[in-house]
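2 protein chains.
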Amino acid sequence: MQNNKGPGPRQAMNGTSGRSLTKPQARIERIYQALRRQICLLDFPPGAVLREQDLAEQFGVSRTPIRHVLNRLGVDGLVESRQGVGTTVTTIEFKDLLDIYYVRAALAEAIGDSDPVPPEPGVFEALDALTLKCDQLGAGIDLRTFGEINIGLHSRILTIIRSRPLREVSDRLFYQTARIWFQILPRFSWERAVMELRHEIEEVRQAMARNDLKAVGLVHRNRLSTVMILLQQVLDEEGG
Amino acid sequence: MQNNKGPGPRQAMNGTSGRSLTKPQARIERIYQALRRQICLLDFPPGAVLREQDLAEQFGVSRTPIRHVLNRLGVDGLVESRQGVGTTVTTIEFKDLLDIYYVRAALAEAIGDSDPVPPEPGVFEALDALTLKCDQLGAGIDLRTFGEINIGLHSRILTIIRSRPLREVSDRLFYQTARIWFQILPRFSWERAVMELRHEIEEVRQAMARNDLKAVGLVHRNRLSTVMILLQQVLDEEGG
DNA sequence: TCAAGGTTAAATGTATACAATATAAGAACC
DNA sequence: GGTTCTTATATTGTATACATTTAACCTTGA
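Protein chains in written order, with my numbering: chain A, 4 to 243; chain B, 4 to 243.
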C-alpha cells in the first residue's frame, strides 16, 4: 500500500455531463442513471413506492447515497418523497408533458446552430442496430423495447452536441418525458409510432453521415412536433 | 398535541419550481436558494471553500441537509466537492458561459410562444424599484448592487412564464451565468452595462404592461445577444 | 353497526460517529 | 541541503441510531 502511481489523479469522466467526478460521486451517478432508466422503462411504474432500504440493499450501499440519488430524481420531477409515507414515482400530466415538449422543440432547433462534432466511432453501427431492433418489433405492442430504442436514439443524438449545457438540459428533459409512450400509445397507432421512430433513426443517421447538424436538429424537432400535435388533441378533447 | 386541524395538508408551494414540498424539503430549498444567491453575488467567490460544518452551524442544522444542498449546487455546476479537500466554488470558462447563453437565447424566444400570464400584483412596482436602483448607481463600479438588480429583473421575468419546465430551466441557466459580470466588466464599460440593464427593465415593463410576452422574450433575448457578442470577441482574442 | 380516538408500525428526515482520502508538515536519510 | 517517506490533520463520504411524521389498524363507546 504505497503511493498511488497507478490511477493518476482521482477523477473520472462519466455520463452525459462530462464533468469530472470523484470515485464515490461516479458511483452515485451510476445508481442515478440506473434508477432513472428503470423508472422510464416502467420497471417502477407511476405510483410505485421506492423504499430507500430496499434500494440500499439492492445496490449494496447504505441509505445515504441512495438518498442523494432520490433527491436528484426528485428535482427532476420523477419521484416525490414524503416523510412517513415513502418515495413514489410521479405521474406526469399531459399538460406538463406538452410544456416540456415545447422546450425540447426549441432546443432541438438550437442543436443545428451549435458547433459541429465529428461522429463518434461506432455511432453508425449503433444506429443500424436500432433500426434492426425496430424491424424486429412485431405487430404486438412491446413498449419496453420501444422505450429502449427511443433511449438509444436519444443517447446517439446527444453525442453530436458539443455544448455541455445544451446536452445536459436536453438529457434532463428527455428523461422527464421518456415515459410518455406508455401513456399515449393507447390513443396512438402502434404501427405508426414504430414507423415514425424508425424513420427518425434513418434520417438522423443520414444527416450525421454528412455532418449536417442542422438537419439532425430539424428531423428530431419534426418528430417532437407530431407528438405535440397529438398531445394538443388529447388536451382539447379533455378540455372540451 | 392532538390532531392537526390547523395547517391542513402538510405541503407548501415554494420557490420557482412550483412543485409541492414538505416542510423539511422547503427548508432545504430555502438554504439552497440562499447559498446560490450568495455564490452568485460573490459572497463566496470562485475558489472559495465551503466547509459543511461551518454552513451547518450557520444555518442551525446538521451536515446532512447541507450536503443535500451542496449536491444540488454541484449538479448546477456552481460548486465542486472532493473528498479530503473540500467543496469549492467553481470558476466558469468563457466558452461554457457562451454555450449557456446560446441556450438561454433560444429559451428567451420560446417565452414569447408560451401561454400569456396575467401580470402578478406588484410586479410593476418592483420593476420601477429596480429602475430607481439603477439610477442610484453612481459612476463608481458597484458589482454587488448590479447583481442584485439583475437577479431582481430575472425573478420578475420568471413570473410571466406559465410553463413550469421553461421556468425551471431558465432559472437554472440564469444562475449558472449570473456571476458573469464579475468576469467581463473589466472588459466592458460600466456605464454601458448599467444603461443596457436599465433599458431592458423599462422595455420589459412596457411589454408586460401590454401583455406582450413575445416582446418580453425578444427584449430579453436582445440583451443576451449583446453579452454573447462580447463573449465571442473575448474568445476570438484569446484564441487568435 | 358505525364512528372516534388511540396505538402501532413503517417510512422518510436528521444528527452523528466512523471510514476514506488528500494535503501539508515534519523527520529521516543520502 | 535536498529529497523522500512518514505522519498528522482536516475534509468529504458512508453507515447507522434516533426523531418525526404518516397511515392503517384496533379498540371502545354510543
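For every residue, glycine included, the Cβ atom is placed at its ideal position computed from N, Cα and C.
> Given a threshold of 16 other Cβ atoms within 10 Å of its Cβ, counted over all protein chains shown, does residue 9(A) qualify as buried or as exposed?
Replying inline: Any reading at residue 9(A) must be qualified, since the residue scores a pLDDT of 34, below 50, and its modelled position is unreliable; no value is offered.
> When we look at the beta-carbon of residue 80(A) and count the other beta-carbons within 10 Å, is it buried (16 or more) or exposed?
Replying inline: A residue is called buried when at least 16 other Cβ atoms come within 10 angstroms of its Cβ; residue 80(A) meets this threshold and is buried.
>> Pull the bridge partners of residue 80(B) from the DSSP assignment, please.
In response: DSSP lists no partner for residue 80(B).
> Is there contact here, the stretch 171-187 of chain B with the stretch 154-163 of chain B, by at least three beta-carbon pairs under 8 Å?
Replying inline: Taking 8 Å as the limit for Cβ pairs, the verdict is that the stretch 154-163 of chain B does touch the stretch 171-187 of chain B.
>> Going by C-alpha to C-alpha distance, which of 214(B), 145(B), 131(B) sits closest to residue 197(B)?
In response: Scanning 214(B), 145(B), 131(B) for the CA closest to the CA of residue 197(B) turns up 145(B).
> What span of residues does the beta strand (DSSP E) with residue 92(B) cover, start to end?
Replying inline: 89-92 is the span of the beta strand (DSSP E), which, as asked, contains residue 92(B).
> Are the C-beta atoms of residue 119(A) and some chain B residue less than 7 Å apart?
Replying inline: Taking a beta-carbon distance threshold of 7 Å, residue 119(A) does not count as an interface residue toward chain B.
> Identify the residues that DSSP records as bridge partners of residue 233(A): which are they?
Replying inline: According to DSSP, which records beta bridges pairwise, residue 233(A) is partnered with nothing at all.
> Which residue from 94(A), 85(A), 61(A) puts its Cα closest to that of residue 42(A)?
Replying inline: Minimum Cα-Cα distance from residue 42(A) among the listed residues 94(A), 85(A), 61(A) corresponds to 94(A).
>> Buried or exposed for residue 133(B), going by 16 or more other Cβ atoms inside 10 Å?
In response: Residue 133(B) counts as buried, since at least 16 other C-beta atoms from the protein chains shown sit within 10 angstroms of its C-beta.
> With 16 as the cutoff for other CB atoms within 10 Å, does residue 96(A) come out buried or exposed?
Replying inline: It is exposed - the Cβ of residue 96(A) has fewer than 16 other Cβ atoms within 10 Å.
> What does residue 27(B) touch in chain A if you count any residue whose Cβ is under 7 Å from its own?
Replying inline: Chain order gives the chain A residues near residue 27(B) as 86, where near means a beta carbon separation below 7 Å.
> Taking one C-beta from the stretch 214-221 of chain B and one from the stretch 110-123 of chain B each time, how about it: are there three or more such pairs within less than 8 Å?
Replying inline: Enough Cβ pairs lie closer than 8 Å, so yes.
>> Just to confirm, is the Cβ distance from residue 55(B) to residue 69(B) under 7 Å?
In response: Residue 55(B) places its beta carbon less than 7 Å from that of residue 69(B).
> Rounded to whole angstroms, how far is the Cβ of residue 78(B) from the Cβ of residue 75(A), which I believe are closer than 8 Å?
Replying inline: Residue 75(A) and residue 78(B) do touch by the CB rule: their CB atoms are close to 7 Å apart, below 8 Å.
> Under a three-way DSSP split, which group does residue 44(B) fall into?
Replying inline: Looking at residue 44(B) - three-state DSSP - the assignment turns out to be coil, as it is neither helix nor strand.
>> Assuming contact is defined by CB atoms lying nearer than 7 Å, are residue 92(B) and residue 82(B) in contact in what I supplied?
In response: Closer than 7 Å, so yes.
> Helix, strand or coil for residue 240(A) per DSSP?
Replying inline: Residue 240(A) falls in the helix class under three-state DSSP.
> Expressed to the nearest angstrom, what Euclidean distance is found between the alpha-carbon atoms of residue 29(A) and residue 37(A)?
Replying inline: Inter-residue distance for residue 29(A) and residue 37(A) is about 12 Å (C-alpha atoms, whole angstroms).
> Any Cβ of chain B within less than 7 Å of the Cβ of residue 74(A)?
Replying inline: Contact of residue 74(A) with chain B is assigned, a C-beta pair being separated by under 7 Å.
> What do you reckon, are the CB atoms on residue 162(A) and residue 112(A) nearer than 7 Å?
Replying inline: No, they are not a contact pair.
>> In this structure, how does DSSP classify residue 140(A) when only helix, strand and coil are distinguished?
In response: Reduced to three states, the DSSP call for residue 140(A) is coil.
> Which parts of the stretch 136-222 of chain A are runs of the alpha helix (DSSP H), unbroken and 4 residues or longer, counting only runs that do not cross its ends?
Replying inline: For the alpha helix (DSSP H) assignment, the uninterrupted runs of no fewer than 4 residues enclosed by the stretch 136-222 of chain A are, from N- to C-terminal side, 146-161, 167-180, 183-187, 193-212.
>> At the 7 Å Cβ level, is residue 168(A) part of the contact set with chain B, yes or no?
In response: Output row for residue 168(A): interface = yes.
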